[in-house]
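K.L.:
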Amino acid sequence: MRVDVHTHVWPDRIAETVMDSMTKDLGFAAISTNTVDGIKAHMRISGVDKSVVLGVVDRPDQVKRANDWLISIQDDMLVPFGALHPGLDDKAGEVRRLRENGIKGIKLHPMMNSFYPDDPRMFPVYEELGEDMVLEIHSGRYPTTKPGDTIFAAPERIMNVVRQFPQMKVIALHLGGLYMLDEAEREVIGQGNVLVDTTWPPSLREIASETLTAIINKHGSHKVCFGTDFPLVSQVDESDYIASLPLSDKDKDGILGENARAFIGL
Ligand SMILES: [Zn+2]
Numbered sequence: 036m037r038v039d040v041h042t043h044v045w046p047d048r049i050a051e052t053v054m055d056s057m058t059k060d061l062g063f064a065a066i067s068t069n070t071v072d073g074i075k076a077h078m079r080i081s082g083v084d085k086s087v088v089l090g091v092v093d094r095p096d097q098v099k100r101a102n103d104w105l106i107s108i109q110d111d112m113l114v115p116f117g118a119l120h121p122g123l124d125d126k127a128g129e130v131r132r133l134r135e136n137g138i139k140g141i142k143l144h145p146m147m148n149s150f151y152p153d154d155p156r157m158f159p160v161y162e163e164l165g166e167d168m169v170l171e172i173h174s175g176r177y178p179t180t181k182p183g184d185t186i187f188a189a190p191e192r193i194m195n196v197v198r199q200f201p202q203m204k205v206i207a208l209h210l211g212g213l214y215m216l217d218e219a220e221r222e223v224i225g226q227g228n229v230l231v232d233t234t235w236p237p238s239l240r241e242i243a244s245e246t247l248t249a250i251i252n253k254h255g256s257h258k259v260c261f262g263t264d265f266p267l268v269s270q271v272d273e274s275d276y277i278a279s280l281p282l283s284d285k286d287k288d289g290i291l292g293e294n295a296r297a298f299i300g301l
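36 is the number of the first residue of the sequence shown in our numbering; add one for each residue after it.
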């Protein structure tokens, strides 16, 4: 089974507005539309069987509405993970509501929502996730982060959470540290109890084949999951690149889907 653990789509009525502001911030164009129809059309071309759709919000008052919609798009192809915001009052209650509605995990975005992942305000969330639900968490900077900007999701902050909540299933996104690969290699890569994904916009090919292979081997290929940040990045290009790495077929099958299937329970 092919699984992309890291995609974003929105309801049709707001998709265009979200896309405009997203690509303006990032400085590069998307490769597809950010809607349910858009991702399914792309999956039919890429051969990805299931895409994890990650909920993200700007404000606490958007959480429930975003999650209602995410709950409604679950099907054979889409596996939505709920959005959460540190400013929401009953965060554990929202995690419970997601679980009761069939959702298998949540996404946290400390950079977008300006909080440290090891802030005790978040501890009830980590406890409520228990041993079954998965936490996918943005790790590292933004491409646009400037010197002096606060880096809320530094790799060592993520690992503080992993160490304090050893029962929790965590995927540290962006190889454990977007645009902070040295720190990720020092803090995350090779550590137990945490998976990483390969999402690296605008292209995983920015990391040379030898470097990427060494990172995968050091972390253990069984703890690496394919991710893209669709619609910013193509599932076809990124899976082609992973398929070209000097790894065994079994390792590649794991990265491209089997690891996520087993870990998330798909
Ligand atoms: Zn993302």
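Even for Gly, the Cβ is constructed at its ideal location relative to N, Cα and C.
Do residue 77 and ligand 1 come close, with the Cβ less than 7 Å from some heavy atom?
P.N.:
As a working note, residue 77 is residue 42 in the sequence shown. No.
K.L.:
Which runs of the beta strand (DSSP E) fall wholly inside the stretch 225-271 and span at least 3 residues, in chain order?
P.N.:
With a minimum length of 3 residues, the continuous beta strand (DSSP E) runs that stay inside the stretch 225-271 are 230-232.
K.L.:
Can the beta-carbon of residue 173 be found less than 8 Å from the beta-carbon of residue 188?
P.N.:
Working through the sequence shown from its first residue, we reach residue 173 at position 138. Working through the sequence shown from its first residue, we reach residue 188 at position 153. Going by C-beta atoms, residue 173 is nearer than 8 Å to residue 188.
K.L.:
What distance in whole Å lies between the Cβ atoms of residue 120 and residue 95, which are believed to be in contact at a cut-off of 8 Å?
P.N.:
Taking the first residue of the sequence shown as position 1, residue 95 is located at position 60. Taking the first residue of the sequence shown as position 1, residue 120 is located at position 85. About 4 Å; that satisfies the 8 Å criterion.
K.L.:
Could you check whether the stretch 256-274 touches the stretch 148-168, counting it as contact only if at least three pairs of C-beta atoms, one from each stretch, sit closer than 8 Å?
P.N.:
Because the criterion of three Cβ pairs below 8 Å is not met, the stretch 256-274 and the stretch 148-168 do not touch.
K.L.:
Would you kindly work out how many angstroms separate the C-alpha atoms of residue 123 and residue 153, rounded to a whole number?
P.N.:
The residue given as residue 123 occupies position 88 in the sequence shown. The residue given as residue 153 occupies position 118 in the sequence shown. For residue 123 and residue 153, the distance between alpha carbons rounds to 16 Å.
K.L.:
Alpha carbon to alpha carbon, what distance is there between residue 162 and residue 272?
P.N.:
Translated into the one-based positions of the sequence shown, residue 272 becomes position 237. Translated into the one-based positions of the sequence shown, residue 162 becomes position 127. Between residue 272 and residue 162, the C-alpha separation is close to 37 Å.
K.L.:
Can we count residue 41 as close to ligand 1, meaning its CB is less than 7 Å from some heavy atom?
P.N.:
As a working mapping, residue 41 is identified with position 6 in the sequence shown. Flag set: Cβ of residue 41 near ligand 1.
K.L.:
Identify every residue that forms a DSSP beta bridge with residue 63.
P.N.:
Your numbering for residue 63 matches position 28 in the sequence shown. Answer by DSSP bridge pairing: none, since residue 63 is not bridged.
K.L.:
Within 10 angstroms of the Cβ of residue 82, are there 16 or more other Cβ atoms? Answer buried if so, exposed if not.
P.N.:
In the sequence shown, the residue the question calls residue 82 occupies position 47. Answer is exposed; the Cβ neighbour count stays below 16.
K.L.:
Quick check: what's the CA-CA separation for residue 88 versus residue 138?
P.N.:
As a first step, residue 88 must be located in the sequence shown, where it is residue number 53. As a first step, residue 138 must be located in the sequence shown, where it is residue number 103. Whole-angstrom Cα-Cα distance: 11 Å.
K.L.:
Could you have a look at residue 77 and say whether DSSP puts it in helix, strand or coil?
P.N.:
As a working note, residue 77 is residue 42 in the sequence shown. Residue state, collapsed to three classes: helix.
K.L.:
Does the beta-carbon of residue 89, which I'm using as the reference point, lie nearer than 7 Å to any heavy atom of ligand 1?
P.N.:
Here residue 89 corresponds to residue number 54 of the sequence shown, with the count starting at 1. Checking the Cβ of residue 89 against ligand 1 gives yes.
K.L.:
Using the beta-carbon count (16 or more within 10 Å), is residue 76 buried or exposed?
P.N.:
By 1-based counting over the sequence shown, the position of residue 76 is 41. It counts as exposed.
K.L.:
Comparing alpha-carbon positions, which option in 101, 84 and 100 lies nearest residue 112?
P.N.:
Against the sequence shown, residue 112 aligns to sequence position 77. Among 101, 84 and 100, the Cα nearest to that of residue 112 belongs to 84.
K.L.:
Does the Cβ-Cβ distance between residue 151 and residue 175 come in under 8 Å?
P.N.:
Stepping through the sequence shown from its first residue, residue 151 is reached at position 116. Stepping through the sequence shown from its first residue, residue 175 is reached at position 140. The answer is no: Cβ separation not under 8 Å.
K.L.:
With distances taken between CB atoms, is the gap from residue 42 to residue 265 smaller than 8 Å?
P.N.:
In the sequence shown, counting from the first residue as 1, residue 42 sits at position 7. In the sequence shown, counting from the first residue as 1, residue 265 sits at position 230. The answer is yes: Cβ separation under 8 Å.
K.L.:
Please tell me whether, using a cut-off of 7 Å, the distance from the CB of residue 264 to the nearest non-hydrogen atom of ligand 1 is below it.
P.N.:
Here the question's residue 264 lines up with position 229 in the sequence shown. Because some heavy atom of ligand 1 lies under 7 Å away, the Cβ of residue 264 counts as near it: yes.
K.L.:
Between the C-alpha atoms of residue 282 and residue 288, what's the straight-line distance to the nearest angstrom?
P.N.:
Mapped onto the sequence shown, residue 282 falls at position 247. Mapped onto the sequence shown, residue 288 falls at position 253. Straight-line Cα distance between these residues: approximately 10 Å.
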